[in-house]
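Working notes, beginning with the structure itself.
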Amino acid sequence: MGRPALHSDSLAGARAALLSVEDLHVSFRTPRGPLRAVNGVSFDLAAGETLAIVGESGCGKTATALSLTRLLPEPTARLSGRIDYRGRDILALSEPELREIRGAQIAMVFQDPMSSLNPVLKVGIQIEETLQLHLKLGRREARRRAVELLGMVGIPDASRRLDSYPHEFSGGMRQRVMIAMALSCGPRILVADEPTTALDVSVQAQILELLRSVIAEAHTSLIIISHDLSVVAGLADRIAVMYAGEIVEIGPTGQVFAHPRHPYTRALLECIPRLDEARKDRLSSIEGSLPDLQLPKVGCPFAPRCGFVMERCWTDAPVLEQKAPGQWAASWSDLSGLPLQRETIPPPMAPGPTRAGPAEADGDGTVLEVKDLRVHFPMGIKWPWMDERPVLKAVDGVSLEVVKGRTLGIVGESGCGKSTTGRAILQLVPPTGGEVLLEGRSLRGLDERALRQLRPHMQMVFQDPYSSLNPRMTIGEMVGEPLIVHRTTPRNRVGQRVAELLEMVGLRPGLADWYPHQLSGGLRQRVSIARALALRPSLIVADEPTSALDVSVRAQILNLMQDLQREHGLSYVFISHDLSVVRHMSDLVAVMYLGKVVELADRDTLYVNPQHPYTQALLSVVPIPDPAVERTRRRTPIQGDVPNPAHPPRGCNFNTRCPFAFDRCFVEEPPLIDLGPRHRAACFLAKPEPEAARPPDGNVHDRTREGH
Numbered sequence: 213m214g215r216p217a218l219h220s221d222s223l224a225g226a227r228a229a230l231l232s233v234e235d236l237h238v239s240f241r242t243p244r245g246p247l248r249a250v251n252g253v254s255f256d257l258a259a260g261e262t263l264a265i266v267g268e269s270g271c272g273k274t275a276t277a278l279s280l281t282r283l284l285p286e287p288t289a290r291l292s293g294r295i296d297y298r299g300r301d302i303l304a305l306s307e308p309e310l311r312e313i314r315g316a317q318i319a320m321v322f323q324d325p326m327s328s329l330n331p332v333l334k335v336g337i338q339i340e341e342t343l344q345l346h347l348k349l350g351r352r353e354a355r356r357r358a359v360e361l362l363g364m365v366g367i368p369d370a371s372r373r374l375d376s377y378p379h380e381f382s383g384g385m386r387q388r389v390m391i392a393m394a395l396s397c398g399p400r401i402l403v404a405d406e407p408t409t410a411l412d413v414s415v416q417a418q419i420l421e422l423l424r425s426v427i428a429e430a431h432t433s434l435i436i437i438s439h440d441l442s443v444v445a446g447l448a449d450r451i452a453v454m455y456a457g458e459i460v461e462i463g464p465t466g467q468v469f470a471h472p473r474h475p476y477t478r479a480l481l482e483c484i485p486r487l488d489e490a491r492k493d494r495l496s497s498i499e500g501s502l503p504d505l506q507l508p509k510v511g512c513p514f515a516p517r518c519g520f521v522m523e524r525c526w527t528d529a530p531v532l533e534q535k536a537p538g539q540w541a542a543s544w545s546d547l548s549g550l551p552l553q554r555e556t557i558p559p560p561m562a563p564g565p566t567r568a569g570p571a572e573a574d575g576d577g578t579v580l581e582v583k584d585l586r587v588h589f590p591m592g593i594k595w596p597w598m599d600e601r602p603v604l605k606a607v608d609g610v611s612l613e614v615v616k617g618r619t620l621g622i623v624g625e626s627g628c629g630k631s632t633t634g635r636a637i638l639q640l641v642p643p644t645g646g647e648v649l650l651e652g653r654s655l656r657g658l659d660e661r662a663l664r665q666l667r668p669h670m671q672m673v674f675q676d677p678y679s680s681l682n683p684r685m686t687i688g689e690m691v692g693e694p695l696i697v698h699r700t701t702p703r704n705r706v707g708q709r710v711a712e713l714l715e716m717v718g719l720r721p722g723l724a725d726w727y728p729h730q731l732s733g734g735l736r737q738r739v740s741i742a743r744a745l746a747l748r749p750s751l752i753v754a755d756e757p758t759s760a761l762d763v764s765v766r767a768q769i770l771n772l773m774q775d776l777q778r779e780h781g782l783s784y785v786f787i788s789h790d791l792s793v794v795r796h797m798s799d800l801v802a803v804m805y806l807g808k809v810v811e812l813a814d815r816d817t818l819y820v821n822p823q824h825p826y827t828q829a830l831l832s833v834v835p836i837p838d839p840a841v842e843r844t845r846r847r848t849p850i851q852g853d854v855p856n857p858a859h860p861p862r863g864c865n866f867n868t869r870c871p872f873a874f875d876r877c878f879v880e881e882p883p884l885i886d887l888g889p890r891h892r893a894a895c896f897l898a899k900p901e902p903e904a905a906r907p908p909d910g911n912v913h914d915r916t917r918e919g920h
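With our numbering applied, the sequence shown corresponds to residues 213 to 920, in that order.
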């Protein structure tokens with residue numbers, strides 16, 4: 213078998229490989245025996261090339277990345293094969309020789325900068341330490357260079373911010389510090405492991421643009437690790453898809469996205485909701501989970517989950533073969549010429565309330581009504597010279613409505629108040645003012661006993677199922693606990709009801725005896741949904757329910773939530789920073805910024821004709837899993853960070869980041885005005901426009917300030 217080609221045709225093979233990985237194996241010692249995390253991976257990286265390695269959690273992509281500089285713990289991890297960097301085998305180097313390469317020649321940008329940066333050292337000291345160690349710079353010269361680096365990655369007032377600690381930076385700014393540190397010694401190769409996973413879409417766009425510009429200027433090669441194919445579509449020259457520790461497909465990015473030759477690659481692409489396509493009733497998903505990497509490999513590892521499986525797949529393991537120029541795949545199936553599945557897939561369950569009919573026409577279907585909701589948190593103490601005690605306005609005058617069987621999506625960056633709004637609706641955070649009505653009954657002023665009687669009607673699904681599930685209780689105990697506490701089910705029937713709930717969310721009743729740590733993230737989130745359904749609520753607030761999940765598992769959870777909504781007439785408040793997911797799930801969408809709703813509209817109206825500059829900018833930077841679109845579309849990234857809600861700007865809250873702000877925006881706050889049927893926006897520039905006025909690809913309107 214030949215090895216995968218060094219370069220894609222676009223790189224023309226004119227450059228020699230800077231890095232060559234040959235037959236890399238990584239295994240970890242465990243009580244059950246060796247776990248084979250990486251199994252025979254081979255690839256090359258050319259100078260100036262960007263290679264993306266993608267796949268689900270547990271597929272081996274991070275273990276592969278950490279192996280490049282031997283950052284895996286020894287002797288727990290065992291590495292074999294060859295990693296050739298400029299003629300030297302990294303796996304054969306001594307520790308002193310390895311230190312010469314780490315950081316100076318091959319640098320890492322880790323997923324979580326908060327845990328990667330030393331919390332008790334100023335960031336300047338951490339960058340200067342790297343410069344002094346590898347480049348032997350003096351203290352003064354190292355500091356001067358550190359200032360240049362922070363400025364290069366877009367951190368304002370760099371000389372002052374050198375003396376800041378990591379916790380004093382936002383998530384996006386911490387990641388910029390990590391990139392500055394990685395680039396400090398001028399490495400030939402930069403390895404970025406999920407560099408945008410924990411970031412908002414606006415900050416994600418900034419970081420991707422930063423990576424794109426710095427590697428171009430420094431002629432640095434980049435290996436970017438991601439579970440999200442949309443993120444790498446516009447950045448990578450080539451893409452390697454990993455599954456169960458193996459590369460199952462590798463080739464030019466545009467070619468792999470347009471004509472995937474492995475069923476797993478195809479399935480990953482079909483799982484992703486897209487802004488530039490008609491909304492599906494149901495997402496494609498990859499059922500099942502990764503195989504146990506401690507068991508002997510028999511046949512194709514993807515066979516149990518594959519929609520194109522044939523008899524040969526169960527016994528013979530396919531090897532990488534060239535399917536097209538520069539494109540290799542390990543598959544017995546011939547997918548050439550087979551287009552990606554984009555048509556609407558009918559739901560399997562009998563429909564409940566339809567999404568097409570105007571259920572809100574008579575107002576009798578209103579499940580939730582929020583009027584002028586405010587949540588203010590006192591800060592510090594009131595000194596004699598102060599007129600009033602300072603407060604942080606987390607939510608400030610939010611009004612919303614949800615009708616039966618429908619979904620209200622709430623989107624915005626971290627810190628915009630969307631999660632606090634969800635918790636205040638359920639009275640988990642006491643509102644400072646305003647009113648919440650559940651099925652016409654006001655929750656204002658209710659004591660705990662009265663609230664307890666209403667809790668069965670309103671439930672919550674939290675972002676992280678692992679931290680929201682009790683690790684000391686079994687799945688059955690947790691799902692059954694609400695039934696016992698609220699006395700809705702006789703104790704002798706709780707077990708039967710738990711089994712029904714588990715089956716309802718697609719889980720085997722036998723899992724009732726398991727503990728949370730024994731389940732994957734997707735299965736844990738199904739347990740959270742089962743627990744929320746236990747009391748037959750009319751309203752569920754879902755706070756980022758899929759943000760911590762792989763794209764394939766995310767599709768399963770979104771499909772499940774929609775199936776349950778159709779079957780039981782549930783209403784959702786769906787909170788997310790992912791605008792693609794919100795478009796797929798929602799009927800009505802509210803965009804929040806600094807505690808206020810800045811735009812509210814029907815899903816299609818908002819995504820086709822956004823009127824607030826903040827909404828326009830958010831939509832323009834949502835990545836689309838199509839390299840041809842990503843590399844040509846117009847973006848309007850939001851610069852800077854969300855202001856401190858304790859000290860919001862005067863006038864329009866968005867004026868510090870808005871490219872269209874004019875004098876009036878700095879002295880007067882724009883009201884939320886009606887622009888058309890079920891469309892409101894808080895912007896002086898907003899005006900009614902025909903629905904066809906702008907394309908549905910998220911590009912921002914060209915606007916002028918004439919007349920203002």
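Glycine included, every Cβ here is placed at the ideal spot set by N, Cα and C.
These numbers come from a predicted model, not from an experiment.
According to DSSP, simplified to helix, strand and coil, what is residue i?
i           : result
residue 308 : helix
residue 317 : coil
residue 376 : coil
residue 669 : helix
residue 885 : strand
residue 909 : Residue placement at residue 909 is flagged as unreliable, the pLDDT there being 43, under the threshold of 50; a coordinate-derived value is accordingly withheld.
residue 875 : helix
residue 630 : helix
Which one or two residues does DSSP pair with residue i in a beta bridge?
i           : result
residue 586 : 608 and 645
residue 788 : 623
residue 232 : 256 and 296
residue 988 : Outside the shown range of the chain, which is 213 to 920, sits residue 988, and nothing can be said about it.
residue 464 : 450
For residue i, which of the options has the nearest alpha-carbon?
i           : options               : result
residue 817 : 900, 293 and 602      : 900
residue 750 : 297, 362, 280 and 651 : 651
residue 759 : 409, 298 and 308      : 409
residue 239 : 262, 265, 701 and 293 : 293
residue 881 : 297, 459 and 609      : 609
residue 359 : 375, 274 and 768      : 375
residue 271 : 281, 887, 247 and 718 : 247
residue 378 : 250, 346 and 336      : 336
residue 245 : 289, 235, 277 and 269 : 289
residue 301 : 284, 279 and 316      : 279
residue 850 : 824, 874 and 844      : 824
residue 276 : 405, 353 and 333      : 405
residue 705 : 642, 688, 637 and 306 : 688
In the DSSP assignment, find the unbroken beta strand (DSSP E) run with residue i in it and report its ends.
i           : result
residue 808 : 808 to 814
residue 765 : Run containing residue 765: none in the beta strand (DSSP E); it sits in the alpha helix (DSSP H), 763 to 780.
residue 437 : 433 to 438
residue 892 : 891 to 893
residue 805 : 800 to 805
In terms of residues, what are the limits of the alpha helix (DSSP H) holding residue i?
i           : result
residue 418 : 413 to 430
residue 600 : Element bounds for residue 600: n/a, residue is neither H nor E.
residue 618 : From DSSP, residue 618 is part of no alpha helix (DSSP H); its letter is neither H nor E.
residue 539 : Here residue 539 belongs to no alpha helix (DSSP H); instead the beta strand (DSSP E) covers 539 to 541.
Residue i to residue j, Cα distance in whole Å?
i           : j           : result
residue 739 : residue 672 : 12 Å
residue 528 : residue 513 : 10 Å
residue 320 : residue 741 : 37 Å
residue 427 : residue 743 : 47 Å
residue 384 : residue 415 : 6 Å
residue 858 : residue 382 : 16 Å
residue 230 : residue 256 : 8 Å
residue 364 : residue 726 : 50 Å
residue 392 : residue 814 : 42 Å
residue 330 : residue 893 : 43 Å
residue 748 : residue 669 : 7 Å
residue 551 : residue 471 : 7 Å
residue 370 : residue 362 : 6 Å
residue 621 : residue 866 : 21 Å
residue 791 : residue 440 : 14 Å
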